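All remarks here apply to the structure that follows.
Number of protein chains: 2
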Amino acid sequence: MTKPLLQIALDSTDLATAVTVANNVESFVDVIEIGTILAFAEGMSAVNTLRKRHPEHIIVCDMKTTDGGAILAKMAFEAGADWITVSAAAHIATIEACKKVADDFNGEIQIELYGNWTLNDAQSWVDLGIKQAIYHRSRDAELAGVSWTPEDISRMRVLSEMGIEVSITGGIVPEDIHLFEGIKAKTFIAGRALANDTGKATAEALRTEINKYW
Amino acid sequence: MTKPLLQIALDSTDLATAVTVANNVESFVDVIEIGTILAFAEGMSAVNTLRKRHPEHIIVCDMKTTDGGAILAKMAFEAGADWITVSAAAHIATIEACKKVADDFNGEIQIELYGNWTLNDAQSWVDLGIKQAIYHRSRDAELAGVSWTPEDISRMRVLSEMGIEVSITGGIVPEDIHLFEGIKAKTFIAGRALANDTGKATAEALRTEINKYW
Chain A
1 MTKPLLQIAL
11 DSTDLATAVT
21 VANNVESFVD
31 VIEIGTILAF
41 AEGMSAVNTL
51 RKRHPEHIIV
61 CDMKTTDGGA
71 ILAKMAFEAG
81 ADWITVSAAA
91 HIATIEACKK
101 VADDFNGEIQ
111 IELYGNWTLN
121 DAQSWVDLGI
131 KQAIYHRSRD
141 AELAGVSWTP
151 EDISRMRVLS
161 EMGIEVSITG
171 GIVPEDIHLF
181 EGIKAKTFIA
191 GRALANDTGK
201 ATAEALRTEI
211 NKYW
Chain B
1 MTKPLLQIAL
11 DSTDLATAVT
21 VANNVESFVD
31 VIEIGTILAF
41 AEGMSAVNTL
51 RKRHPEHIIV
61 CDMKTTDGGA
71 ILAKMAFEAG
81 ADWITVSAAA
91 HIATIEACKK
101 VADDFNGEIQ
111 IELYGNWTLN
121 DAQSWVDLGI
131 KQAIYHRSRD
141 AELAGVSWTP
151 EDISRMRVLS
161 EMGIEVSITG
171 GIVPEDIHLF
181 EGIKAKTFIA
191 GRALANDTGK
201 ATAEALRTEI
211 NKYW
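In structure tokens form, the structure reads like this:
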């Protein structure tokens with residue numbers, strides 16, 4: 001597989017801020033994500049705008065699509081998204097509808113792993129031809145100051161073995177990257193860590209670590 | 001409990017259409033919902049606009065909030081929503097964060113029942129003081145031409161007994177209303193059935209049925 005990519009999550013509540021952040025980071029990230037907060041704040045114009053301003057980047061629209069999949073997917077792909085997110089809690093018919101639209105646009109679906117999803121669920125996504133999922137560090141772990149747990153790592157491995165590439169997010173720092181060796185990591189996603197004043201240095205440190213293990 | 005209300009779900013992909021539909025139906029609905037599709041199409045301006053134009057109606061913002069709950073909730077309540085939706089798949093910490101914001105605004109949270117939610121999950125929502133959930137007719141049932149199933153009705157009853165009022169949606173027609181007798185139904189939600197040319201007559205027929213059973 002290709003090396004894991006770096007992704008900026010834009011979650012401002014206004015487009016101007018998002019445009020500024022994207023402008024500042026575009027030279028050192030591969031993927032620009034219109035986060036759910038930004039998408040609900042500004043609507044599809046956020047996707048249109050960032051697609052136009054960053055024609056060479058991968059654009060993600062993080063809708064966590066739960067229902068009305070065909071319409072939401074079409075809207076986001078037409079606005080310029082390359083990838084869209086779909087909730088693990090969506091009915092399989094919704095996930096399938098999103099995949100069909102993605103295929104029409106040569107786009108991709110990423111499953112957002114929330115709720116009580118099972119490995120049977122994951123197999124049904126794989127059976128639909130879905131190749132990506134997004135793994136979030138447990139909030140309880142994060143709040144308790146615990147880093148990524150063995151259970152997180154083992155679940156990511158199982159998903160990798162099933163053929164799913166995982167985008168990994170949740171306070172990602174360069175010192176964590178080694179934990180994910182051997183996992184099919186599609187992207188590492190960060191927000192403030194890449195958007196702040198030390199963002200470029202952080203990106204370089206992340207890539208140094210990535211190059212050690214992939 | 002009060003009688004079930006009538007709710008219009010606005011799911012157009014443009015604000016002008018939504019404004020027109022809301023204008024046409026406001027006299028015979030109690031609740032105006034900015035559907036997820038409209039919210040992602042137009043952003044919070046859709047909530048602002050409909051709140052301003054319909055100051056006396058209950059306004060729902062259907063975000064199916066899955067993460068970043070505090071920020072999404074604040075955004076929607078500030079834009080004028082009375083109720084917001086939160087996904088059953090969200091981490092309990094997210095649901096709790098949304099509830100706290102709702103309390104600050106004298107607003108309410110509705111849990112969108114998607115994915116593998118359990119009665120233990122439902123109890124944890126009740127423990128947080130959440131009093132509403134939205135029950136969707138099974139899509140498989142709908143596609144197979146099957147009406148509401150005994151399992152649907154019995155799950156709604158259990159939720160009622162736990163203290164949750166259910167908004168009910170999925171091809172609702174007046175002939176179905178009797179099925180829900182004895183359930184704490186908060187609203188019946190419809191889209192095209194209320195928005196089309198016979199919407200007013202449909203609303204009257206729904207209310208006639210509602211008055212028989214509540």
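Protein chains in written order, with the UniProt record's numbering: chain A, 1 to 214; chain B, 1 to 214.
Where a beta carbon is used, it is the ideal one built from N, C-alpha and C, also for glycine.
Source: prediction; values computed, not measured.
Return yes when the Cβ of residue j is within less than 8 Å of the Cβ of residue i, no when it is not.
i, j, result
"B:I71", "A:T20", "no"
"A:Q110", "A:I95", "no"
"B:A193", "B:T202", "yes"
"B:T65", "B:I84", "yes"
"A:W214", "A:K52", "no"
"B:G115", "A:N116", "yes"
"A:A205", "A:I8", "no"
"residue 276 of chain A", "A:D11", "Since the first residue shown for chain A is 1 and the last is 214, residue 276 of chain A is missing from the structure and cannot be characterised."
"A:V31", "A:L5", "yes"
"B:C61", "B:A90", "no"
"A:V25", "A:G182", "no"
"A:F180", "A:M162", "no"
"A:E209", "A:P174", "yes"
"A:Q123", "A:S167", "no"
"A:L119", "A:V86", "no"
"A:R137", "A:G171", "yes"
"A:K99", "A:G80", "no"
"B:D82", "B:E112", "no"
"A:A73", "A:A41", "no"
"B:D176", "B:S147", "yes"
"B:A22", "B:L50", "yes"
"B:A97", "B:D121", "no"
Quick check on the DSSP output: the alpha helix (DSSP H) that includes residue i runs from which residue to which?
i, result
"A:A190", "Per DSSP, A:A190 belongs to no alpha helix (DSSP H); it is in the beta strand (DSSP E), A185 to A190."
"B:I168", "Run containing B:I168: none in the alpha helix (DSSP H); it sits in the beta strand (DSSP E), E165 to T169."
"A:A9", "Element bounds for A:A9: not the alpha helix (DSSP H) but the beta strand (DSSP E), L5 to L10."
"A:M44", "It is not in any alpha helix (DSSP H) - A:M44 carries neither H nor E in the DSSP assignment."
"B:M156", "P150 to E161"
"B:V126", "L119 to D127"
"A:D14", "Unbroken run through A:D14: none, as it is neither H nor E."
"A:V146", "That residue, A:V146, is in no alpha helix (DSSP H); it is neither H nor E in DSSP."
"B:L179", "Unbroken run through B:L179: none, as it is neither H nor E."
"A:N211", "G199 to Y213"
"A:T2", "From DSSP, A:T2 is part of no alpha helix (DSSP H); its letter is neither H nor E."
"A:V101", "I92 to D104"
Check for me: the beta strand (DSSP E) holding residue i runs from which residue to which?
i, result
"B:M63", "I58 to T65"
Could you name the residues that DSSP lists as bridge partners for residue i?
i, result
"A:V86", "A:T65 and A:I111"
"B:Y135", "B:I168"
"A:E33", "A:A9 and A:V60"
Can you pull the chain B residues whose beta carbon is under 8 Å from the beta carbon of residue i, in chain order?
i, result
"A:M156", "Near A:M156 there are no residues of chain B at all, since even the closest Cβ is about 18 Å away, more than 8 Å."
"A:K64", "K64, T66, D67 and S87"
"residue 300 of chain A", "For chain A, the structure presents residues 1 to 214; residue 300 of chain A sits outside this window and is missing."
Under 8 Å between beta-carbons, which chain A residues line up against residue i? List them in chain order, please.
i, result
"B:L72", "T36, I37 and F40"
"B:T13", "I71 and M75"
So residue i contacts chain A; which residues on that side make the cut at Cβ distance below 7 Å?
i, result
"B:G43", "F40, A41, E42 and G43"
Hey, is residue i close to the ligand COA, as in C-beta under 7 Å from one of its heavy atoms?
i, result
"B:D103", "This structure lacks the ligand COA; in fact it carries no ligand of any kind."
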